[in-house]
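Colleague: Residue numbers (my numbering): 1 to 257.
Backbone N, C-alpha and C fix where the C-beta goes; we use that ideal spot for every residue, glycine too.
1. With a threshold of 8 Å, are at least 3 pairs of Cβ atoms found where one atom belongs to the stretch 145-161 and the other to the stretch 53-60?
2. If you reduce the DSSP assignment to three classes, tell me which class residue 185 lands in.
3. For residue 161, is the classification buried or exposed, using 16 other Cβ atoms within 10 angstroms of its Cβ as the cut-off for buried?
4. Hey, residue 222 and residue 204: beta-carbon distance below 8 Å or not?
5. Rounded to a whole number of angstroms, what is the C-alpha to C-alpha distance between residue 78 and residue 152?
6. In chain order, which alpha helix (DSSP H) runs of at least 4 residues are fully inside the stretch 75-154?
7. Got a sec? Which residues, its chain only, sit under 8 Å from residue 72 by beta carbon, not counting five neighbours each side?
8. In this structure, does DSSP put residue 208 in helix, strand or coil?
9. Count the other C-beta atoms from every protein chain shown that fall within 10 angstroms of the C-beta of residue 105, then say buried if there are 16 or more, exposed otherwise.
10. Counting pairs of beta carbons, one from the stretch 168-179 and one from the stretch 209-218, are three or more of them closer than 8 Å?
11. Quick one, which of 75, 241 and 108 has its alpha-carbon nearest residue 47's?
12. According to DSSP, what are the bridge partners of residue 215?
13. Which residue wins for smallest C-alpha separation from residue 65, given the options 88, 238, 196 and 168?
14. Compare the Cα-Cα distances from residue 42 to each of 130, 234, 94 and 188 and report the closest residue.
15. Relative to the C-alpha of residue 220, which residue among 227, 233, 206 and 169 is closest?
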């Protein structure tokens with residue numbers, strides 16, 4: 001199973017590049033069909049989420065070269081499960097197959113991150129959700145994200161995560177009961193964003209993630225619908241080496257880029 005974080009758990013990795021990666025609220029009347037009884041899938045047409053800080057829209061074919069460039073970066077390779085080396089064909093498969101399929105089936109939602117004053121400008125990152133398909137009445141999803149080097153340190157990914165989180169928990173959005181965040185241990189940039197969004201880090205799970213055939217330890221955190229959307233525990237400055245100013249670095253992509 002490949003989760004939003006780009007960490008693959010339990011069943012190994014998918015085929016490279018093919019199977020994973022106050023905000024206005026998008027209404028659930030965008031749903032194309034009623035929820036599936038088995039795991040509450042809600043199929044939606046892709047839509048935009050935006051505010052004065054960030055613009056989120058589904059990536060398009062025009063973004064292939066930019067995503068190829070960004071996913072060839074050393075940090076993206078180090079903290080995610082994207083193929084390495086990353087090719088243009090990987091980016092094309094992500095944009096043309098993975099992302100549309102996840103929206104169509106209700107298994108996930110993926111947005112490219114851009115600035116609101118440049119909604120047609122270069123992609124600065126990716127944020128998305130992957131649904132937990134367990135057959136329970138309470139819906140759950142995992143959030144994932146990554147950000148371009150030049151956009152880090154501005155709080156941009158925190159804003160993107162907040163707008164997605166607010167929509168996902170709203171009854172007129174996905175109506176989630178729970179959201180999960182995971183990252184390979186040591187990815188303090190990703191953890192910082194999750195901390196700002198209110199996630200409680202539950203601990204380290206040994207060998208939880210699989211990165212290109214190798215198991216790695218991972219952090220896991222949770223956020224419930226009724227939890228505060230702000231830090232609820234002190235930032236572990238000593239453990240983090242006082243990395244208190246970082247926004248999301250490599251992070252972890254939702255459906256895999």
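Modeller: On the basis of the coordinates in this document:
1. Enough Cβ pairs lie closer than 8 Å, so yes.
2. Reading the chain shown from its first residue, position 185 is the one you call residue 185. Of the three classes helix, strand and coil, the one that applies to residue 185 here is coil, per DSSP.
3. Counted from its first residue, the chain shown places residue 161 at position 161. It counts as buried.
4. Numbered from its first residue, the chain shown carries residue 222 at position 222. Numbered from its first residue, the chain shown carries residue 204 at position 204. No, they are not a contact pair.
5. Within the chain shown, residue 78 is the residue found at index 78, counting from 1. Within the chain shown, residue 152 is the residue found at index 152, counting from 1. The alpha-carbon of residue 78 is positioned some 17 Å away from that of residue 152.
6. You should have 88-93 and 99-105.
7. In the chain shown, counting from the first residue as 1, residue 72 sits at position 72. 85 and 86.
8. Residue 208 sits at position 208 when you count from the first residue of the chain shown. For residue 208, the secondary structure class from DSSP, reduced to helix, strand or coil, is strand.
9. Translated into the one-based positions of the chain shown, residue 105 becomes position 105. So residue 105 counts as exposed.
10. No, they do not touch.
11. Residue mapping note: residue 47 aligns to position 47 of the chain shown, counting from 1. Among 75, 241 and 108, the Cα nearest to that of residue 47 is on 108.
12. Within the chain shown, the letter at position 215 stands for residue 215. DSSP output for residue 215 lists 210 as bridge partner(s).
13. Locating residue 65 in the chain shown gives position 65, where the first residue counts as 1. Ranking 88, 238, 196 and 168 by CA distance to the CA of residue 65 puts 88 first.
14. To locate residue 42, count along the chain shown from 1; it is residue 42. Nearest C-alpha to residue 42: 130.
15. One-based indexing of the chain shown puts residue 220 at position 220. Cα-wise, what sits closest to residue 220 is 206.
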